[in-house]
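S.K.:
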Amino acid sequence: MSADAVVVGSGPNGLVAAVLLAEAGLRVTLLEAGERFGGGLRSAELTLPGRVHDMGATVMALALASPAFRELGVERLVEFAHPAVAAAHPLDDRPAVLVHRDPARTAAGLGADGAAWLRGPGATARAGSPLVDLLLKPLGPWEADPRAFAAAARFGLGGALPATTYARRAFRTVEGRAVFAGMAAHSLLDLRSPITAGYGLLLSALAHLVGWPLVRGGSQVLADALVARLRVLGGEAVSGHRVRELKELDAPTVVLDVTPRQFLELAELPAGYRDRLRRFRYGPGVFKMDWALDGPVPWRDPAVAGAGTVHLGGTLEEIALSEAETARGRHSPRPYVLLVQPYAADPTRGGHTLWAYCHVPNGSPVDMTGAIEDQIERYAPGFRDRVLARHAMGPAALEADNPNLVGGDIGGGLAALSQFVRRPVWSPAPWRTPLPGVFLCSASTPPGAGAHGMGGWQAARLALEHRRSRA
Ligand SMILES: Cc1cc2nc3c(=O)[nH]c(=O)nc-3n(C[C@H](O)[C@H](O)[C@H](O)COP(=O)(O)OP(=O)(O)OC[C@H]3O[C@@H](n4cnc5c(N)ncnc54)[C@H](O)[C@@H]3O)c2cc1C
Numbered sequence: 055m056s057a058d059a060v061v062v063g064s065g066p067n068g069l070v071a072a073v074l075l076a077e078a079g080l081r082v083t084l085l086e087a088g089e090r091f092g093g094g095l096r097s098a099e100l101t102l103p104g105r106v107h108d109m110g111a112t113v114m115a116l117a118l119a120s121p122a123f124r125e126l127g128v129e130r131l132v133e134f135a136h137p138a139v140a141a142a143h144p145l146d147d148r149p150a151v152l153v154h155r156d157p158a159r160t161a162a163g164l165g166a167d168g169a170a171w172l173r174g175p176g177a178t179a180r181a182g183s184p185l186v187d188l189l190l191k192p193l194g195p196w197e198a199d200p201r202a203f204a205a206a207a208r209f210g211l212g213g214a215l216p217a218t219t220y221a222r223r224a225f226r227t228v229e230g231r232a233v234f235a236g237m238a239a240h241s242l243l244d245l246r247s248p249i250t251a252g253y254g255l256l257l258s259a260l261a262h263l264v265g266w267p268l269v270r271g272g273s274q275v276l277a278d279a280l281v282a283r284l285r286v287l288g289g290e291a292v293s294g295h296r297v298r299e300l301k302e303l304d305a306p307t308v309v310l311d312v313t314p315r316q317f318l319e320l321a322e323l324p325a326g327y328r329d330r331l332r333r334f335r336y337g338p339g340v341f342k343m344d345w346a347l348d349g350p351v352p353w354r355d356p357a358v359a360g361a362g363t364v365h366l367g368g369t370l371e372e373i374a375l376s377e378a379e380t381a382r383g384r385h386s387p388r389p390y391v392l393l394v395q396p397y398a399a400d401p402t403r404g405g406h407t408l409w410a411y412c413h414v415p416n417g418s419p420v421d422m423t424g425a426i427e428d429q430i431e432r433y434a435p436g437f438r439d440r441v442l443a444r445h446a447m448g449p450a451a452l453e454a455d456n457p458n459l460v461g462g463d464i465g466g467g468l469a470a471l472s473q474f475v476r477r478p479v480w481s482p483a484p485w486r487t488p489l490p491g492v493f494l495c496s497a498s499t500p501p502g503a504g505a506h507g508m509g510g511w512q513a514a515r516l517a518l519e520h521r522r523s524r525a
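Just so you know, we're using my numbering here: the sequence shown kicks off at 55 and counts up by one.
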């Protein structure tokens, strides 16, 4: 197989790298182990014929905010479907908190904590895409925009804190603290650890800045559009081809959409680099569920019906406890559940489908079906009566389906402070490897997890620089 560049793996990072390299005029071959392209962007009929379920990423806030996808004109490639409400956070004894696209409307619903919301997530959203671009390019290259650096410094003051500390300092009400905890818990970290407030602030701000939409028709539509673009540019895309050794690739440029553990298996690496990769830490896993329903979820608070995403887990204290248990290697009986009801935004999924997961210790064999459904029933009594079919994937099944999900870790490695930029190694350009012409682009490189393609953007940029310097 002869090409100017081979990209191994077709997750959002691999796809972005492949398209950018092809746009630069290279003959690109994309090799994907799975039967379908997309990695975390695949969709499939997991429950009943005609029901479209996203297998990985479904909320496309990071895709819409990403400089890489902006460069590729993502809004012309696919249609984004926005729910009426970005996210809802139901509570046992009071109305749900609603996060609207409009920060003022969100603040109005938070009562005594409205001003705190505007000072935190609201201010982050007001700093706009220059700040988000900076956060998605934590190691540069940065366009010189002093306002963005000032905004980043302000963001860092609160964002560096543990989410529990930030929530208790900034918010006074049960509602304010709970909704912030639900946002921060996307990080898959113990909410008492540093920078978890940063995840909460960023994700909340994105709800205001770009919304939390889904791809109309399923995330697969985005993956397929990128593969089609690659082919129009003369690239080749091959599925069902798992690369076992780098030696089998005949190309001066190789971009790997794999995590450190797989890289170690693919090639003989210099001892120092190999040892650093071996120290890379994976995060907790997830237990993922999908349902086909015969109607919408019967939420006790009807306002939740309009939300694309629903955070289940109750108060700050409960969510923090659930995440702390997971970090300690235990299973919470009342886990924080991240749920998406695509039908609230996209009527093309073949009916009422539902997507959710909870965090579990890495590699956990425990079936969390009951615990997840109990959390849904808690806020939507009668939910189980609506279930026509269910599909569950624990860590082992997730990893068997996509080798990048090591032990069910959907983030490509722990997203703690220690691995935020030291990802997978400490370097001003961690996408570069000691093997000449070989680059890493997966979520195990900065800026980490999410369907933003920025690892692919960085790896493609460095690969092109490398080719120019050799020429
Ligand atoms: C259940 C779940 C829910 C998620 N929800 C969201 C969400 O709502 N929003 C969001 O922004 N992000 C979400 N994410 C995270 C997001 O999907 C990932 O961060 C993102 O897909 C990472 O992209 P990637 O390109 O690094 O790797 P992946 O998307 O994991 O793709 C890697 C690809 O490489 C292939 N591959 C690996 N090794 C080889 C090999 N040796 N040869 C050939 N091919 C190989 C794999 O088969 C896979 O297709 C979710 C992920 C999961 C799993």
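The beta carbon of each residue, even a glycine, is placed where N, CA and C say it ideally should be. Everything numeric in this text was worked out from a predicted model, so none of it was measured.
1. Can Leu-243 and Ala-235 be called in contact, C-beta distance under 8 Å?
2. DSSP state of Arg-328, grouped into three classes?
3. What's the gap between the Cα of Gly-339 and the Cα of Pro-350?
4. Where do the ends of the alpha helix (DSSP H) carrying Gly-230 lie?
5. I need the straight-line Cα distance from Asp-120 to Pro-184, nearest angstrom please.
6. If you run the structure through DSSP and keep just helix, strand and coil, what is His-262?
7. Alpha carbon to alpha carbon, what distance is there between Ala-138 and Pro-482?
8. Starting from Tyr-411, follow the alpha helix (DSSP H) in both directions and report where the run begins and ends.
9. Nearest-angstrom Cα distance between Ser-527 and Ala-450?
10. So does the region 357 to 375 actually touch the region 130 to 148, counting three or more Cβ pairs closer than 8 Å?
11. By DSSP, does Glu-299 sit in helix, in strand, or in coil?
12. Near Glu-431, what residues of its chain come up, given a Cβ to Cβ distance below 8 Å and the 5 sequence neighbours on each side ignored?
13. Evaluate Asp-147 with the Cβ neighbour count: other Cβ atoms within 10 Å of its Cβ, from every protein chain shown; 16 or more gives buried, anything less gives exposed.
14. Would you call the region 478 to 497 and the region 329 to 344 touching, i.e. three or more CB-CB distances under 8 Å?
15. Is the beta carbon of Leu-392 closer than 8 Å to that of Leu-408?
16. Report yes or no: do three or more beta-carbon pairs, one from the region 376 to 386 and one from the region 296 to 309, lie closer than 8 Å?
17. How is Glu-322 classed by DSSP in three states: helix, strand or coil?
18. Taking just the CA atoms, how far does Gly-467 sit from Phe-341?
19. In the DSSP assignment, find the beta strand (DSSP E) that holds Glu-290 and state where it starts and stops.
20. Should Ser-56 go down as buried or exposed, given a rule of 16 or more other Cβ atoms within 10 Å for buried?
21. Please report how far the alpha carbon of Arg-476 lies from the alpha carbon of Pro-484, in whole angstroms.
22. CB of Asn-458 to nearest heavy atom of ligand 1: below 7 Å?
M.R.: Walking through what the data contain:
1. Against the sequence shown, residue 243 aligns to sequence position 189. Against the sequence shown, residue 235 aligns to sequence position 181. No, these two residues do not count as a Cβ contact at 8 Å.
2. In the sequence shown, residue 328 corresponds to position 274, counting from 1. In the structure shown, Arg-328 sits in a helix (DSSP, three-state: H, G or I).
3. Your numbering for residue 339 matches position 285 in the sequence shown. Your numbering for residue 350 matches position 296 in the sequence shown. Taking the straight line from one Cα to the other gives about 28 Å.
4. As a working mapping, residue 230 is identified with position 176 in the sequence shown. For Gly-230, the enclosing alpha helix (DSSP H) covers residues 228 to 238.
5. Position 66 of the sequence shown, counted from the start, is the residue given in the question as residue 120. Position 130 of the sequence shown, counted from the start, is the residue given in the question as residue 184. First, the amino acid is wrong: residue 120 is Ser here, not Asp. Taking the CA atoms as reference points, Ser-120 sits about 11 Å from Pro-184.
6. The count along the sequence shown starts at 1 and reaches residue 262 at position 208. Assigned with DSSP and collapsed to three states, His-262 falls in helix.
7. Counted from its first residue, the sequence shown places residue 482 at position 428. Counted from its first residue, the sequence shown places residue 138 at position 84. Approximately 41 Å between the Cα atoms of the pair.
8. Sequence index remark: in the sequence shown, residue 411 carries index 357 (1-based). Per DSSP, Tyr-411 belongs to no alpha helix (DSSP H); it is in the beta strand (DSSP E), 406 to 414.
9. Any question about residue 527 goes unanswered here, given that the chain covers just 55 to 525.
10. Verdict: yes, contact present.
11. On the sequence shown, residue 299 is found 245 positions in, with the first residue counted as 1. Three-state DSSP puts Glu-299 in coil, outside helix and strand.
12. Counting from 1 along the sequence shown, the entry for residue 431 is found at position 377. Contacts found: Phe-437, Arg-438.
13. By 1-based counting over the sequence shown, the position of residue 147 is 93. Result: exposed.
14. Touching, per the Cβ criterion.
15. Within the sequence shown, the letter at position 354 stands for residue 408. Within the sequence shown, the letter at position 338 stands for residue 392. With respect to the 8 Å criterion, Leu-408 and Leu-392 are not classified as neighbours on the basis of their beta carbons.
16. In short, these stretches do not touch, since the Cβ pair count stays below three.
17. Position 268 of the sequence shown holds residue 322. Reduced to three states, the DSSP call for Glu-322 is coil.
18. On the sequence shown, position 287 is the one that residue 341 refers to. On the sequence shown, position 413 is the one that residue 467 refers to. A straight line joining the alpha-carbon of Phe-341 with that of Gly-467 spans about 16 Å.
19. The residue given as residue 290 occupies position 236 in the sequence shown. Looking at the DSSP string, the run of the beta strand (DSSP E) that includes Glu-290 is 290 to 292.
20. Here residue 56 refers to the residue found at position 2 when the sequence shown is read from its first residue. The residue is exposed, with fewer than 16 neighbouring Cβ atoms inside 10 Å.
21. As a position in the sequence shown, residue 476 is number 422, starting the count at 1. As a position in the sequence shown, residue 484 is number 430, starting the count at 1. Between the alpha carbons of Arg-476 and Pro-484 lies a gap of roughly 8 Å.
22. Sequence index remark: in the sequence shown, residue 458 carries index 404 (1-based). At least one heavy atom of ligand 1 is nearer than 7 Å to the Cβ of Asn-458, so yes.
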